[in-house]
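Colleague: In order, the protein sequences belong to chains A and B. Residue 0 is where the first sequence starts when you use numbering that gives the first Met the number 0, and the numbers rise one by one after that. Residue 0 is where the second sequence starts when you use numbering that gives the first Met the number 0, and the numbers rise one by one after that.
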Amino acid sequence: MNNVFYLLLRRLRVPFITMIVVYSISVLGFVLIPGQDNDGNIWHMDFFHAVYFVSFMGTTIGFGEIPFAFTDAQRMWTLLMIYATVVAWLYGIGSMLALLQEPVFGRLLRRRAFTSEVIGIAEPFYLICGYGVTGRVIVHKLANRDIRAVVIDIKQERIDDLEMDSLPIRVPGLCADAALPDVLDDAGLQHPHCIGVLALTDDDNSNLAVSIASKLLMPKRLVISRTESEVTTANLLSFGTDQVVDPFQAYAGYLSMAIHSPYKHLVYDWLVNPYHRPLSSVYQLKQGRWIICGFGRFGRSLYKAFKADDVSITVVDAKEHNVNQTEHQIWGVGTEAQTLEEAGIHEAVGIVAGTENDANNLSIIMTARQLKPKLVTVVRQNLDANRLVFRHSGADFVMEPGRIIANQIMAQIKTPLLPAFIDALQGYDDVWAHTLLNRMSSVVGEYELDSWAFTIGEADTPAIQMALEEATVIKMKVFLKDPRDRSHMLPAFPLMLRRGETIKILPGELTELELGDEILFCGLSKAFKQVEWTVNNYNVLQYILTGKDANSTLLSRWFNKDS
Amino acid sequence: MNREKVIFAFFIVLALTLNFGFFLGDIDKVVHHNEFELFAALTVSMICTVLKFGDRTHLGALMLATSLVADLQLVIAATLWGFAEQISGGMTASMMSSIVSLSGGALLANIISVVLLVVETIVVRR
Chain A
0 MNNVFYLLLR RLRVPFITMI VVYSISVLGF VLIPGQDNDG NIWHMDFFHA VYFVSFMGTT
60 IGFGEIPFAF TDAQRMWTLL MIYATVVAWL YGIGSMLALL QEPVFGRLLR RRAFTSEVIG
120 IAEPFYLICG YGVTGRVIVH KLANRDIRAV VIDIKQERID DLEMDSLPIR VPGLCADAAL
180 PDVLDDAGLQ HPHCIGVLAL TDDDNSNLAV SIASKLLMPK RLVISRTESE VTTANLLSFG
240 TDQVVDPFQA YAGYLSMAIH SPYKHLVYDW LVNPYHRPLS SVYQLKQGRW IICGFGRFGR
300 SLYKAFKADD VSITVVDAKE HNVNQTEHQI WGVGTEAQTL EEAGIHEAVG IVAGTENDAN
360 NLSIIMTARQ LKPKLVTVVR QNLDANRLVF RHSGADFVME PGRIIANQIM AQIKTPLLPA
420 FIDALQGYDD VWAHTLLNRM SSVVGEYELD SWAFTIGEAD TPAIQMALEE ATVIKMKVFL
480 KDPRDRSHML PAFPLMLRRG ETIKILPGEL TELELGDEIL FCGLSKAFKQ VEWTVNNYNV
540 LQYILTGKDA NSTLLSRWFN KDS
Chain B
0 MNREKVIFAF FIVLALTLNF GFFLGDIDKV VHHNEFELFA ALTVSMICTV LKFGDRTHLG
60 ALMLATSLVA DLQLVIAATL WGFAEQISGG MTASMMSSIV SLSGGALLAN IISVVLLVVE
120 TIVVRR
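#1: Is the Cβ-Cβ distance between D245 of chain A and E227 of chain A less than 9 Å?
#2: Give me the Cα-Cα distance between F478 of chain A and W532 of chain A, rounded to the nearest whole angstrom.
#3: Do the stretch 44-54 of chain B and the stretch 3-15 of chain A make contact, defined as three or more Cβ pairs closer than 8 Å?
#4: Under 7 Å Cβ-Cβ, which residues of chain B neighbour Y5 of chain A?
#5: Among the residues of its own chain, which have a CB less than 7 Å from the CB of A526 of chain A, if the five just before and after it don't count?
#6: Find the residues of chain B that neighbour F15 of chain A, judging by a C-beta separation of less than 8 Å, and give them in chain order.
#7: According to DSSP, is T376 of chain A helix, strand or coil?
#8: I'd like the list of long-range same chain contacts for G195 of chain A, defined as Cβ closer than 8 Å, with 5 residues on each side in sequence excluded.
#9: Compare the Cα-Cα distances from R144 of chain A to each of A:P418, A:V136, A:S210 and report the closest residue.
#10: For the ligand HEM, is there any heavy atom lying closer than 8 Å to the beta carbon of V243 of chain A?
#11: Could you pull out every residue in the same chain whose Cβ sits closer than 8 Å to the Cβ of V3 of chain A, ignoring the five residues on either side in sequence?
#12: Is T36 of chain A close to chain B, meaning its C-beta is less than 9 Å from at least one C-beta of that chain?
#13: Using a Cβ-Cβ distance under 9 Å, would T42 of chain B count as near chain A?
#14: Under 9 Å, Cβ to Cβ, is there at least one residue of chain A near F21 of chain B?
#15: At least one CB of chain A closer than 9 Å to the CB of Q85 of chain B: is that the case?
#16: May I have the straight-line CA-CA distance separating M0 of chain A from D185 of chain A, to the nearest angstrom?
#17: Quick one, which of A:V230, A:V397, A:W557, A:I403 has its alpha-carbon nearest V271 of chain A's?
#18: Does any C-beta atom of chain D lie closer than 9 Å to the C-beta of F9 of chain B?
#19: Tell me whether Y125 of chain A sits in a helix, a strand or coil according to DSSP, three-state version.
#20: So, for D176 of chain A: in the same chain, excluding its five sequence neighbours on each side, which residues have a beta-carbon less than 7 Å away from its beta-carbon?
#21: Can you give me the C-alpha to C-alpha distance between F238 of chain A and M217 of chain A, rounded to a whole angstrom?
#22: At a Cβ cut of 8 Å, what residues of the stretch 91-113 of chain A count as close to chain B, listed as they run along the chain?
#23: Classify S25 of chain A as helix, strand or coil using the three-state DSSP reduction.
#24: When burial is assigned at 16 or more other CB atoms within 10 Å of the CB, is G129 of chain A buried or exposed?
#25: So, does the CB of V26 of chain A fall closer than 9 Å to a CB anywhere in chain B?
#26: Using a beta-carbon distance below 9 Å, is I110 of chain B in contact with chain A?
#27: Are the CB atoms of Y302 of chain A and P400 of chain A within a distance shorter than 9 Å?
#28: So, with DSSP's three-state summary, where would you put Y519 of chain A?
#29: If we call anything under 9 Å between Cβ atoms a contact, is V74 of chain B one with L106 of chain B?
#30: Jot down the residue ranges of each uninterrupted beta strand (DSSP E) in the stretch 405-473 of chain A, minimum 3 residues, whole runs only, in chain order.
#31: Classify N37 of chain A as buried or exposed, calling it buried when 16 or more other Cβ atoms lie within 10 Å of its own Cβ.
#32: Determine the extent of the beta strand (DSSP E) in which F82 of chain B is found, giving its start and end residues.
#33: Ignore the nearest five residues each way along the sequence and tell me which others in F396 of chain A's own chain have a CB closer than 6 Å to its CB.
#34: So for L23 of chain B, helix, strand or coil by DSSP?
#35: Threshold first: 3 residues or longer. Then list the beta strand (DSSP E) segments lying entirely within the stretch 89-164 of chain A, N to C.
#36: Using alpha carbons as the reference points, say which of A:P66, A:G91, A:F520, A:T17 lies closest to A452 of chain A.
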């Protein structure tokens, strides 16, 4: 892209020509005006001396009159030309500086720098469109895992935020419209190392454009898109988008699970969220009526999710087009005690303040809690700037869909097995989830529960591949022994084993492994670092299997000959 | 009629004619070649070069290249003239023929430039 260079040349045409014209007139004048040599003879300056004199006159106005003292006519010409050349220079330099300060030029330069930086990336990276709450959380998590990312956002402030955020690795960012294919191309859409495209802008059409462009150019590459309407969801899925996340639906599902199966919800929360809530925080809820204030996008998603779980609901809304969409509907905003009493707050177990006005939402839960202190309160936060107020609102759940979908997307990026496990979770009851939770709790305590996955094969586990080819029997417990001391177990356990189409939840330690098995583990992240030794280093694996430091170098074979 | 095109064509053709005027005459005869004409040819050629800046088409690039060649040849010719007069002690026939042959090279470049201009005009037909 030589745009910058062409722009520079084009803008500097007039200053350049001015300079050439002024200089040549000046030189010509000196050649034509007769002078006098030291003896008083008429002398004409030649071109050589004229160019010499004008060159230093224009730039420094110094060095005196050469080769002979000037006549008055020459001096008058010099006087004129000093001003002409100085003005020409000032004009030239001025235009160049003005050009450098122009926003267009700055944008071109930044775009150029961004493009060349992206081209220079030599490791796998994710292309992230939209640096809102979700984009930001994901970029930070990727950076903490040393995975590179490239960011596009349409707002300059967000790109400024990106530059101000102290990330452990450099993340190039560009302020541009991600819906434009050439912007995407500059951001590495066709880059061989781009392993995934995340369309996270708050505009459904942009997300759609990004996803389509990516799927058209590289059909096999991962594409995750955010969406806010069902039409777009269907559209995105129709051309093979790998994951579509709807913030309202995601949160509605999350909340609904928290209410009807709290332990399962905690398992999910621990696996997906980095900062998980303690086991004691489980909401022991009786079944009962819920009040939903605000029947917009969030309210509708929540209503659907609750209905699916057979929770009885009263909806409170003041907008005409939302009235009479459901049974048990009350007219009003929900900020007054009267409306809430009418909605039957004394019989209700929980209230959701889900309007799109933050002040109203806070007011709703304040009023509700005055009427009934034991109520479970869920409040929707619309603006990120209000975080401080909401944190101190005392609500049981603050709905920040941005973070929820960021965690969902990270789970997909970390390992595709994790979402598969979460899906499989639906088939179990809450008692089973409680047992699993106790097991997790005993392994990690209060620390963050990490999860990781291996596919038995050359790429992930070369050592185990070698051992299997030698017909050694490898059992699941290999993954759980500490490579520093095989009598110790690592703080981790297997969650799921996928072999072809069959899925086994919580496989036993004695399960024999085959090539191509995919195994999902959870535990402390330090266990993951240790187990990487076992799966990659054949000698460490031999130690784990046999207890002997098998070493087949010439020297050790010679030393161990007699044994 | 496009004013910009007139100015553009004017300078390109002027560069060619001035160059041709200087080149005309016996190659080694100093009296046949006017130094002011060389000066004018050089100045106009430089203005042509700047006028061709910033055109992103292939033809534009080609025209810029021919102009740069003409500039280079004429600057060398002018420098040689200054060298002959000031340093080597007077113009000689061999020096003069070198200067004129250099300007002949520039003339060729200028001819190509005008041919390209004509080609562009014919192709664009407006």
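All C-beta atoms, glycine included, are put in the ideal place defined by N, C-alpha and C. The model shown is predicted, which means the values in this text are computed figures rather than measured ones.
Modeller: According to the structure data:
#1: yes
#2: 10 Å
#3: yes
#4: G53, R55
#5: L489, P490, A491
#6: V49, F52
#7: strand
#8: Y125, L126, R220, L221, V222, I223, I412
#9: A:V136
#10: The ligand HEM is absent from the structure shown, which contains no ligand whatsoever.
#11: F104, L107, L108, R111
#12: In the sequence as presented, Thr is not what sits at residue 36 of chain A; that position holds Asp. So no, D36 of chain A is outside the interface.
#13: yes
#14: no
#15: yes
#16: No answer about M0 of chain A holds up, because its pLDDT of 46 lies below 50 and its placement is not dependable.
#17: A:I403
#18: Considering every chain present, this structure includes no chain D. Its protein chains are A and B.
#19: strand
#20: I153, V182
#21: 12 Å
#22: none
#23: helix
#24: buried
#25: yes
#26: no
#27: no
#28: Note that residue 519 of chain A is Leu in the sequence shown here, rather than Tyr. Reduced to three states, the DSSP call for L519 of chain A is strand.
#29: no
#30: 449-454
#31: exposed
#32: Looking at the DSSP string, F82 of chain B is not in any beta strand (DSSP E), and its letter there is neither H nor E.
#33: V377
#34: coil
#35: 124-128, 147-152
#36: A:F520
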